[in-house]
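Notes follow the structure.
Protein chains: 2
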Amino acid sequence: MKLYTYFRSSAAFRVRIALNLKGLPYEPVFVHLAKGEHRQPDYAAVNPQALVPTLELDDGTRLNQSLAIIEYLETLRPQPALLPPDALERARVRALALLVACEIHPLNNLRVLQHLKRGLGQSEEQIKAWYQHWVADGLAKFEAELGKGRPRGRFCHGYVPSLADCCLVPQIFNARRYDCDLARYPETMAAFEACMQLPAFDRAQPAKQPDAE
Amino acid sequence: MKLYTYFRSSAAFRVRIALNLKGLPYEPVFVHLAKGEHRQPDYAAVNPQALVPTLELDDGTRLNQSLAIIEYLETLRPQPALLPPDALERARVRALALLVACEIHPLNNLRVLQHLKRGLGQSEEQIKAWYQHWVADGLAKFEAELGKGRPRGRFCHGYVPSLADCCLVPQIFNARRYDCDLARYPETMAAFEACMQLPAFDRAQPAKQPDAE
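Same order as they appear, the protein sequences are chains L and F.
For this note's numbering, count along the first sequence from 1 and bump the result up by 80.
For this note's numbering, count along the second sequence from 1 and bump the result up by 80.
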């Protein structure tokens with residue numbers, strides 16, 4: 081398998097974690113988002129959405145959208161499971177993952193920040209305030225959700241890492257980059273710290289990618 | 081089952097469609113987002129994320145995040161299926177759904193538009209331009225994806241409506257509200273029109289909800 085990835089892409093980071101957790105080897109293909117390589121014709125042929133990541137299977141089939149990719153990996157390599165067997169627990173894990181993927185990350189990704197700068201003429205300071213606003217809004221929701229009915233265990237849902245952790249960890253890395261105050265989310269940060277003790281998460285982090293700057 | 085809903089909420093609209101398609105009856109509980117009812121203590125007890133929809137099961141269990149809810153309904157009532165049996169096809173349907181749920185809708189929901197107005201001092205005209213910008217960006221991606229390897233059939237993926245259609249249709253309703261030019265997305269609009277011929281989609285639309293204004 082090939083993974084089209086960029087070291088700082090949160091969505092690619094999620095998939096890197098999942099691949100590592102499942103012990104699936106992959107060949108990284110680097111797409112430099114900050115240089116706009118995702119908008120070049122070469123990559124448009126790979127992914128017409130011009131988004132990273134894309135997972136390319138050995139037969140050439142290409143999948144996109146990080147959560148759809150991880151759900152596919154769950155079918156391809158069921159163990160270790162990233163979703164619990166019980167349907168209600170699965171709903172909780174997916175809801176936590178979607179809380180990051182639909183409520184926080186989309187507001188703060190590169191093309192939105194670029195649009196705030198170029199389209200709306202926002203200053204660096206204003207963009208940072210925007211970033212911090214949505215992280216605070218989203219992580220407060222995440223913390224409330226973890227506090228409510230969190231099963232025992234160190235991770236977002238129990239004793240093993242799940243799809244929710246695959247989404248949370250990259251979001252925390254981004255939040256730190258933008259100097260967000262994370263002390264307000266102790267349950268959330270406890271899950272984050274538990275994840276970072278695992279090599280699968282550690283090896284997937286931006287600074288440890290070959291394309292890191 | 082109870083569904084905490086608001087007639088104009090895209091995410092609640094998705095779940096209303098899925099419940100209708102699966103023939104699952106539900107009792108609607110109305111949460112007036114524009115009046116801020118989702119931020120009142122009553123609703124905080126229901127959903128600490130202060131987001132709509134919430135699905136409450138007969139035993140009181142509450143689920144949130146529309147896509148997690150629909151995946152749960154798929155397990156609860158497998159037929160008619162909203163996800164194809166083949167894992168790669170499932171990945172495609174989920175990716176289309178996520179393209180709406182992660183790339184378009186989060187940028188244009190009510191709290192973001194309110195923040196643009198109150199936090200950033202954007203005018204109504206500027207907010208409309210923001211809305212249209214992200215709809216155009218996202219639907220161009222959706223159209224490219226539908227054009228590429230779309231299987232035969234009238235819907236987003238084949239001859240039956242899927243999770244992708246549950247997400248697309250509310251997005252098109254929103255796009256029309258903000259006068260977006262939809263003529264540029266013929267494949268997408270063909271799928272939309274096919275959906276709207278089905279009572280399950282038609283009955284779920286904002287104007288036909290009891291709380292519609």
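No residue lacks a Cβ here, since even glycine has one placed at the ideal position from N, Cα and C.
Please compile the residues from chain L whose C-beta is within a distance smaller than 9 Å of the C-beta of residue i.
i	result
HIS237/F	What HIS237/F touches in chain L: nothing, since even the nearest Cβ is about 12 Å away.
HIS213/F	HIS195 and GLY199
So is residue i in contact with chain F if we call contact Cβ pairs under 9 Å?
i	result
VAL126/L	no
TYR152/L	yes
ALA161/L	no
ARG264/L	no
ALA284/L	no
ARG174/L	yes
GLN202/L	yes
ASP122/L	no
Give the residues of chain F in contact with residue i, contact being defined as C-beta atoms less than 9 Å apart.
i	result
CYS182/L	ALA91, GLN145, SER146, LEU147, LEU178, ALA181, CYS182, HIS185 and PRO186
LYS221/L	PRO128, GLN129, ALA130 and LEU131
Taking the beta carbon of residue i as the centre, do at least 16 other beta carbons fall within 10 Å, making it buried, or is it exposed?
i	result
PRO241/L	buried
GLN159/F	exposed
GLU183/F	buried
PRO279/L	exposed
THR155/L	exposed
GLU204/L	exposed
THR134/L	buried
ASP245/F	buried
LYS221/L	buried
ALA175/L	buried
ALA263/F	exposed
GLN120/F	exposed
TYR239/L	exposed
PRO105/L	exposed
ALA148/F	buried
GLU74/L	Examination of residue 74/L is not possible in this model, given that chain L is present from 81 through 293 alone.
THR141/F	exposed
PRO286/L	buried
GLN145/F	buried
GLN289/L	buried
GLN277/F	exposed
TYR293/L	The displayed chain sequence assigns Glu, not Tyr, to residue 293/L. GLU293/L comes out exposed.
PRO186/L	buried
ALA125/L	exposed
Have a look at the options and flag the residue whose alpha-carbon is nearest the alpha-carbon of residue i.
i	options	result
HIS213/L	GLU205/F, ARG198/F, LYS208/F and GLN206/F	ARG198/F
VAL173/L	GLU205/L, LEU156/L, PRO108/L and GLU151/L	GLU151/L
LEU137/L	TYR84/L, PRO186/L and PRO164/L	TYR84/L
ASN188/F	GLY116/F, LEU243/F, ASP217/F and PHE222/F	ASP217/F
ALA114/L	ASP122/L, ARG264/L and GLN194/L	GLN194/L
CYS260/L	LEU168/L, LEU219/L, CYS236/L and LEU104/L	LEU219/L
PHE87/L	VAL180/L, ARG191/L, HIS112/L and ALA224/L	HIS112/L
PHE272/L	PRO290/L, GLN251/L and ARG257/L	GLN251/L
HIS118/L	ARG191/L, ARG232/L and ARG234/L	ARG191/L
ARG257/F	LYS208/F, VAL109/F and GLU267/F	LYS208/F
ALA171/F	SER90/F, LEU243/F and ALA292/F	LEU243/F
GLY103/F	LEU143/F, GLU223/F, PHE93/F and LEU153/F	LEU153/F
LYS82/F	LEU99/F, LEU131/F and ALA91/F	LEU99/F
Check the Cβ of residue i against every Cβ in chain L and list those closer than 7 Å, keeping chain order.
i	result
THR155/F	ALA167
Using a Cβ-Cβ distance cut-off of 9 Å, determine whether residue i contacts chain L.
i	result
ASP245/F	no
ALA302/F	Any question about residue 302/F goes unanswered here, given that chain F covers just 81 to 293.
ASP259/F	no
THR85/F	no
ASP291/F	no
GLN206/F	yes
ASP138/F	no
ALA171/F	yes
Taking C-beta pairs closer than 8 Å, name the residues in chain L that residue i reaches, listed in chain order.
i	result
ALA224/F	PRO128 and GLN129
VAL192/F	LEU187
Chain F partners of residue i, CB-CB under 8 Å?
i	result
LYS228/L	PRO128
THR141/L	LEU168
ARG119/L	The premise fails here: ARG119/L is roughly 12 Å from chain F at the closest Cβ pair, so nothing lies under 8 Å.
ALA280/L	Neighbours of ALA280/L on chain F: none; closest Cβ ~22 Å, over 8 Å.
So is residue i in contact with chain A if we call contact Cβ pairs under 9 Å?
i	result
TRP214/F	As a matter of chain content, chain A is missing from the structure shown, whose protein chains are L and F.
- Item | Completely contained alpha helix (DSSP H) runs for the region 196-262 of chain F, where each covers 4 or more residues | List check, alpha helix (DSSP H) in window: 204-227 and 243-257.
- At 3 residues or longer, and completely inside the region 130-173 of chain F: list those beta strand (DSSP E) runs for me, N to C. Runs of the beta strand (DSSP E) inside the region 130-173 of chain F: 134-136 and 142-144.
- Would you mind listing the beta strand (DSSP E) stretches within the region 89-125 of chain L that are 3+ residues and don't spill past its ends, in chain order? If only uninterrupted beta strand (DSSP E) runs of at least 3 residues are considered, those enclosed by the region 89-125 of chain L are 107-110.
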